[in-house]
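Residue numbers for the sequence shown follow my numbering, so the first one is 252 and each next one is one higher.
Working notes, structure below.
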Amino acid sequence: MSIIITIKLVGAFLAVLAVAIPILGLRERVPKGFSNGCRLRIFMVLVKMMLAVGWLLERVHMLSIIYVTNLILRIISRMEPEKRKGRAKDTQFGGVVVRVYTPNLSAENKDGLYPGMVFYHGGGWAIGNTWIYDDFVLPIVNAVDIVVVSVEYRLAPKFKYPIPLDDCLAATKYFMKNASKFNVDPNRIAICGDSAGGNLAAAVCLKLRDEKFKPMPKLQVLIYPVLQSVDFALPSMIQNADGPLLTTYWLTYYTSLYATGSLKYAQAMCENRHVEEATRKQLFDTYVNHDMLDMTYRSPPYRKPDMKGGDVEVWKNLKNVLLDPYFSPLLCNNLTGLPQTFIYAAKYDVLRDEAILYAKRLKLYGVDVSYVVDEHALHGMCSFRHFFPKDSYNALNRISKFLKENL
Numbered sequence: 252m253s254i255i256i257t258i259k260l261v262g263a264f265l266a267v268l269a270v271a272i273p274i275l276g277l278r279e280r281v282p283k284g285f286s287n288g289c290r291l292r293i294f295m296v297l298v299k300m301m302l303a304v305g306w307l308l309e310r311v312h313m314l315s316i317i318y319v320t321n322l323i324l325r326i327i328s329r330m331e332p333e334k335r336k337g338r339a340k341d342t343q344f345g346g347v348v349v350r351v352y353t354p355n356l357s358a359e360n361k362d363g364l365y366p367g368m369v370f371y372h373g374g375g376w377a378i379g380n381t382w383i384y385d386d387f388v389l390p391i392v393n394a395v396d397i398v399v400v401s402v403e404y405r406l407a408p409k410f411k412y413p414i415p416l417d418d419c420l421a422a423t424k425y426f427m428k429n430a431s432k433f434n435v436d437p438n439r440i441a442i443c444g445d446s447a448g449g450n451l452a453a454a455v456c457l458k459l460r461d462e463k464f465k466p467m468p469k470l471q472v473l474i475y476p477v478l479q480s481v482d483f484a485l486p487s488m489i490q491n492a493d494g495p496l497l498t499t500y501w502l503t504y505y506t507s508l509y510a511t512g513s514l515k516y517a518q519a520m521c522e523n524r525h526v527e528e529a530t531r532k533q534l535f536d537t538y539v540n541h542d543m544l545d546m547t548y549r550s551p552p553y554r555k556p557d558m559k560g561g562d563v564e565v566w567k568n569l570k571n572v573l574l575d576p577y578f579s580p581l582l583c584n585n586l587t588g589l590p591q592t593f594i595y596a597a598k599y600d601v602l603r604d605e606a607i608l609y610a611k612r613l614k615l616y617g618v619d620v621s622y623v624v625d626e627h628a629l630h631g632m633c634s635f636r637h638f639f640p641k642d643s644y645n646a647l648n649r650i651s652k653f654l655k656e657n658l
């Protein structure tokens, strides 16, 4: 009897889905110039339905929205497993769980050492895991002939800052010290991450530099990274406030979880009133100066934020974390001595502008940096090969090309 009820419930859900997708999809905003508008509409309806289910279950105290999101992402990740060559093995480095990907031995490299890369997955420091990212990492492994270590760092809100960063640092140091055991040249290692993982990658490179770790990573690759949390009114955050995919609301939601382990300050962040007035102008002039962005990216509905206001009490509770350069790498007052850098940003992404600002600040400090703003991409593009295969492969190919040419 229970099986029959389950079948009926699944059938009812699919029926609702069949009706909801075309109706709700027509209401979804597709950014001007974005290709695959129809696919984007369907994708966004599915995402919003997933969030609605999570919100409902959280409201009735059954499951958290974080748990539901993780569960659905795991299901999606198994839709089309990467079938090309490449092998993965789970182990521990420095007490941290990692997944090690090794390429098949190629004829030209059979007796030599491989380049290596340490990768930190995205997910707002709160969702995701290494095997969800198989289809992200394996194409790079196979295209570059590279050994990749993907780090299973502990997640917020249970483990707030700096625990995820500490896990990444511990696993990275272990790999770099023991690179030869994995047939990897310790002088040819890159640090890489996407979204929140891009934040961790930038922070790890700063930590290694400050600790005078040798050898330093040869490259850092930051893919639509989170680089600051003092200004949630950058042009890209206004223009893409409602997405696609990553909205300003969800960015501040996850930032609050990572910074404090709670959502206590998420609303203040979302309204951009979490920095006191006395500090705001100084930070904006030095680190998040909107005038450093091309006029192309400062188009309406953006307008320059008011420097007045700000909640003094909120800032008092947040400032030690938000001003920490290992939490907000863009706010680091000295960016010298960092590895050659590649930054991939997406045009239709709330995080676009801080990626550009970080690239420009790195250049000011003499770092060899190149960056690209993909005119056809949204946040998370590299992870959505099922919906946007062409654009996703193009993004992964750019990253692979940089690694192959510079490692």
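All C-beta atoms, glycine included, are put in the ideal place defined by N, C-alpha and C.
| task | Please report how far the alpha carbon of residue 427 lies from the alpha carbon of residue 301, in whole angstroms. | result | Computed Cα separation, rounded: 39 Å.
| Starting from residue 344 and walking both ways along the beta strand (DSSP E), at which residues does that stretch end? | Residue 344 -> beta strand (DSSP E) spans 338 to 344.
| query | In the stretch 548 to 632, which residue ranges form an unbroken alpha helix (DSSP H) of at least 4 residues, counting only runs that do not cross its ends? | reply | Runs of the alpha helix (DSSP H) inside the stretch 548 to 632: 563 to 573 and 603 to 615.
| message | Just verifying my parser: in three-state terms, what is the DSSP assignment at residue 396? | response | In the three-state scheme derived from DSSP, where H, G and I count as helix and E and B as strand, residue 396 is classed as coil.
| message | For residue 458 and residue 420, I'd like the C-alpha separation in whole angstroms. | response | Each residue's Cα considered, the two are about 8 Å apart.
| Buried versus exposed call for residue 312 [16 or more other C-beta atoms within 10 Å across all chains shown] | Residue 312 is classed as exposed because its beta carbon has fewer than 16 other beta carbons within 10 Å across all chains shown.
| message | So, under 8 Å CB-CB, residue 367 and residue 439 are touching, yes? Tell me the CB distance rounded to an integer number of Å. | response | The C-beta distance from residue 367 to residue 439 rounds to 7 Å, short enough to meet the 8 Å contact threshold.
| message | In the DSSP output, what is residue 368 paired with across the bridge? | response | 399 and 441, per the DSSP bridge assignment.
| request: Could you spell out the range, first to last residue, of the beta strand (DSSP E) harbouring residue 351? | output: Per DSSP, residue 351 belongs to the beta strand (DSSP E) from 347 to 353.
| query | Candidates 565, 397, 531 and 469: which alpha carbon is nearest residue 351's? | reply | Of the listed residues, the one whose Cα sits closest to residue 351 is 397.
| field | Within the stretch 488 to 512, ranges of the alpha helix (DSSP H) (whole runs, at least 4 residues) | value | For the stretch 488 to 512, whole alpha helix (DSSP H) runs of length 4 or above, ordered along the chain, are 499 to 511.
| Check whether residue 376 and residue 508 have beta carbons under 8 Å apart | Cβ distance < 8 Å, so residue 376 and residue 508 count as in contact.
| field | Three CB pairs or more closer than 8 Å across the stretch 618 to 632 and the stretch 595 to 602 | value | As far as the Cβ criterion goes, the stretch 618 to 632 touches the stretch 595 to 602, which means the pair count is three or higher.
| said: Buried or exposed, going by whether 16 or more other CB atoms sit within 10 Å of the CB of residue 331? | reply: With a pLDDT of 48 at residue 331, under the threshold of 50, the modelled position of that residue is not reliable, and the figure given next carries that caveat. Its Cβ having fewer than 16 others within 10 Å, residue 331 is exposed.
| request: Determine the direct distance from the alpha carbon of residue 557 to that of residue 335, and round the result to whole angstroms. | output: With a pLDDT of 43 at residue 335, under the threshold of 50, the predicted position of this residue should be treated as unreliable, and no value is reported.
| query | How would you call residue 494, buried or exposed, if buried means at least 16 neighbouring beta carbons within 10 angstroms? | reply | Around the beta carbon of residue 494, a 10 Å sphere encloses 16 or more other beta carbons of the protein chains shown; the residue is thus reported as buried.
| request: Enumerate in chain order the residues of its own chain whose CB-to-CB distance from residue 499 is below 7 Å, with the five nearest sequence positions on each side excluded. | output: Excluding positions up to five away in sequence, the list reads 483, 488, 492, 521 and 601.
| What span of residues does the alpha helix (DSSP H) with residue 455 cover, start to end? | First-last of the alpha helix (DSSP H) with residue 455: 447 to 461.
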